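*Asks:* full-length UniProt numbering puts the sequence shown at residues 1 to 302.
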Amino acid sequence: MPSDTTNLNDNSMSWSTEDRKSSLGQCIASSQHILALLGAGLSASSGLQTFTGNGTLWRTYQTKSMATKSAFAWNPVLVWQFYEDRRQKAIAAPPNPGHFALAKLAESKEHFFAISQNIDGLSERAGHDLSKLAPIHGSLLTTTCAQPGCSFVSWNGSALPTVPALSLPPGDITDAAVELPDVRIDDLPLCPKCKYGLQRPGVVWFGEQLPQEHLTRTDEWLESVPSVDLLLVVGTSARVFPAAEYIHRARAKGASVAFFNLEQDDDLIEAGDWFVPGDVATTLPRIVAEALDLPQAAANTL
């Protein structure tokens with residue numbers, strides 16, 4: 001860790017008036033152009049598994065291997081069951097104070113913009129201004145058509161299964177000991193537009209291009225601001241493209257950088273950055289409440 005990196009642990013979350021002048025809270029308060037990069041750690045306190053890192057399993061399968069076109073071509077039923085499980089868990093999960101803190105920043109700062117790598121829809125449900133949010137990895141709550149060239153998109157925020165055949169058994173189906181129902185390919189949802197392709201989860205799989213719409217919106221925001229005053233990297237290791245690139249681009253426009261995560265990554269942190277360890281659902285709201293002159297009691301209800 002660089003010697004002049006500011007490390008804010010749980011015991012340094014309250015500052016005197018003088019301390020605030022150089023604090024992260026003061027930087028947030030005075031910044032006009034703030035970019036945020038959001039990852040799975042933001043939603044961990046909502047009870048959602050992060051599925052990060054090699055070796056994480058869903059039943060007996062590597063989770064990363066389930067998030068590919070080839071997996072869908074090999075076994076679309078299994079991939080649908082994997083994503084239906086995640087979709088229903090996301091719908092049942094509540095947004096946490098971290099989501100509400102970011103939504104409050106988006107409301108309070110005219111030139112705030114967030115790039116989200118999350119697919120759970122919790123930022124949206126927290127009331128985050130959609131014009132200031134780019135979900136670059138898609139959403140569990142949408143379906144698209146697997147057939148190339150078909151433009152079908154559908155929203156499904158219902159707690160009911162996507163189709164009756166995708167009703168999940170009681171228990172934790174991430175455990176291979178829990179038996180999955182026998183589902184035929186013909187039971188999966190067919191695209192109502194082209195009437196040929198299967199519907200698929202509206203998420204970006206490994207090896208696929210990110211949605212151009214959201215990349216363009218992000219580029220336009222970066223090009224429209226004279227500088228980036230502050231970059232908040234929240235709940236992500238920021239090692240997957242294009243997350244690391246956005247950190248470099250923000251730094252090139254003058255950004256101070258603050259990392260909120262459980263573990264510190266010395267390869268990303270530079271001298272002068274802030275690193276805030278711990279659960280971002282606790283640390284981020286406390287600092288945002290301080291920055292926006294809200295009572296600390298509001299930190300859990302932003």
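Every residue gets a Cβ at the ideal spot worked out from N, C-alpha and C, and that includes glycine. All figures in this text were calculated on a predicted structure; none of them were measured in a lab.
I think K69 touches G207, with their Cβ atoms under 8 angstroms apart; what is that distance to the nearest whole Å?
*Replies:* 7 angstroms between Cβ atoms; contact.
*Asks:* Among V178, Q199 and D85, which residue has its Cα nearest to the Cα of S167?
*Replies:* Answer by Cα proximity: D85.
*Asks:* Secondary structure at S116, three-state DSSP: helix, strand or coil?
*Replies:* It is a strand residue.
*Asks:* Can you list, in chain order, the stretches of the beta strand (DSSP E) that have 3 or more residues and sit fully within the stretch 80-129?
*Replies:* Entirely contained in the stretch 80-129, the beta strand (DSSP E) runs reaching 3 residues are, in chain order, 111-116.
*Asks:* Near A258, which residues of its chain fall below 6 angstroms by C-beta distance, leaving aside the five closest residues on each side in sequence?
*Replies:* Around A258: L24, L232 and W274.
*Asks:* Give every residue of the same chain whose Cβ lies closer than 7 angstroms to the Cβ of T282, excluding the five residues on either side of it in the sequence, and list them in chain order.
*Replies:* Closer than 7 angstroms at the Cβ level, and outside the excluded window around T282, lies no residue.
*Asks:* Write down the C-beta distance between K195 and F152 rounded to the nearest angstrom, noting that I regard them as a contact closer than 8 angstroms.
*Replies:* About 10 angstroms; that fails the 8 angstroms criterion.
*Asks:* Apart from the five residues on each side of it in sequence, which residues of its chain come closer than 8 angstroms, Cβ to Cβ, to I136?
*Replies:* Cβ within range, chain order: I115, S116, Q117, V204, L210, P211, H214, L215, T218 and P242.
*Asks:* Decide if the stretch 74-92 is in contact with the stretch 155-164; the criterion is three or more beta carbon pairs, one per stretch, under 8 angstroms apart.
*Replies:* Flag = yes, the stretch 74-92 and the stretch 155-164 touch.
*Asks:* Would S31 and D229 qualify as a contact pair, given that the criterion is a beta-carbon distance under 8 angstroms?
*Replies:* Contact: yes.
*Asks:* Sorted by chain position, which residues of the same chain lie with C-beta nearer than 6 angstroms to Y294's C-beta, five sequence neighbours on each side aside?
*Replies:* Reading off the sequence, residue 294 comes out as Leu, not Tyr. Contacts found: none.
*Asks:* Go ahead and label A176 buried or exposed: buried means 16 or more other beta carbons lie within 10 angstroms of its beta carbon, across all protein chains shown.
*Replies:* A176 is exposed by the Cβ-count criterion.
*Asks:* Could you give the DSSP three-state label for E270: helix, strand or coil?
*Replies:* Here E270 sits in coil by DSSP.
*Asks:* Roughly how many whole angstroms lie between the Cα atoms of D265 and S46?
*Replies:* One C-alpha to the other measures close to 23 angstroms.
*Asks:* Look at S139 and G127 and say whether their C-beta atoms are less than 8 angstroms apart.
*Replies:* Cβ atoms of S139 and G127: not closer than 8 angstroms.
*Asks:* Assuming I287 is part of the alpha helix (DSSP H), what are its boundary residues?
*Replies:* Taken as a continuous stretch (DSSP letters only), the alpha helix (DSSP H) holding I287 covers V280 to A291.
*Asks:* Using the C-alpha atoms, what's the distance from I173 back to E179?
*Replies:* Rounded to the nearest angstrom, the two C-alpha atoms are 8 angstroms apart.
*Asks:* Roughly how many whole angstroms lie between the Cα atoms of T56 and Q49?
*Replies:* Taking the straight line from one Cα to the other gives about 10 angstroms.
*Asks:* Please check the pair P201 and V163, which I expect to be a contact at CB under 8 angstroms, by giving their CB distance rounded to whole angstroms.
*Replies:* About 13 angstroms; that fails the 8 angstroms criterion.
*Asks:* Measuring alpha carbon to alpha carbon, tell me which residue in L268, E290, V183 and D186 is nearest E245.
*Replies:* The residue with the shortest Cα to Cα distance from E245 is L268.
*Asks:* Please report the Cβ distance between V288 and K104, rounded to the nearest whole angstrom; I am assuming they are in contact, meaning their Cβ atoms lie under 8 angstroms.
*Replies:* V288 to K104, Cβ: 6 angstroms. Contact.
*Asks:* Could you tell me whether the Cβ atoms of L102 and A36 are closer together than 8 angstroms?
*Replies:* Yes, the Cβ-Cβ distance between L102 and A36 is below 8 angstroms.
*Asks:* Please state the DSSP three-state secondary structure of I173.
*Replies:* In the structure shown, I173 sits in coil (DSSP, three-state: anything other than H, G, I, E or B).
*Asks:* Nearest-angstrom Cα distance between F72 and A146?
*Replies:* Answer to the nearest angstrom: the Cα atoms are 9 angstroms apart.
*Asks:* For R239, count neighbouring C-beta atoms within 10 Å of its own C-beta (all shown protein chains included) and say buried if the count is 16 or more, exposed if not.
*Replies:* Exposed.
*Asks:* Near D182, what residues of its chain come up, given a Cβ to Cβ distance below 6 angstroms and the 5 sequence neighbours on each side ignored?
*Replies:* Cβ neighbours of D182 beyond the five flanking positions: none.
*Asks:* Does I34 pass the burial test, meaning 16 or more other C-beta atoms within 10 Å, or should it be called exposed?
*Replies:* With 16 or more Cβ atoms within 10 Å of its Cβ, I34 is classed as buried.
*Asks:* Would you identify the three-state DSSP class for Q199, choosing helix, strand or coil?
*Replies:* Three-state DSSP puts Q199 in a strand.
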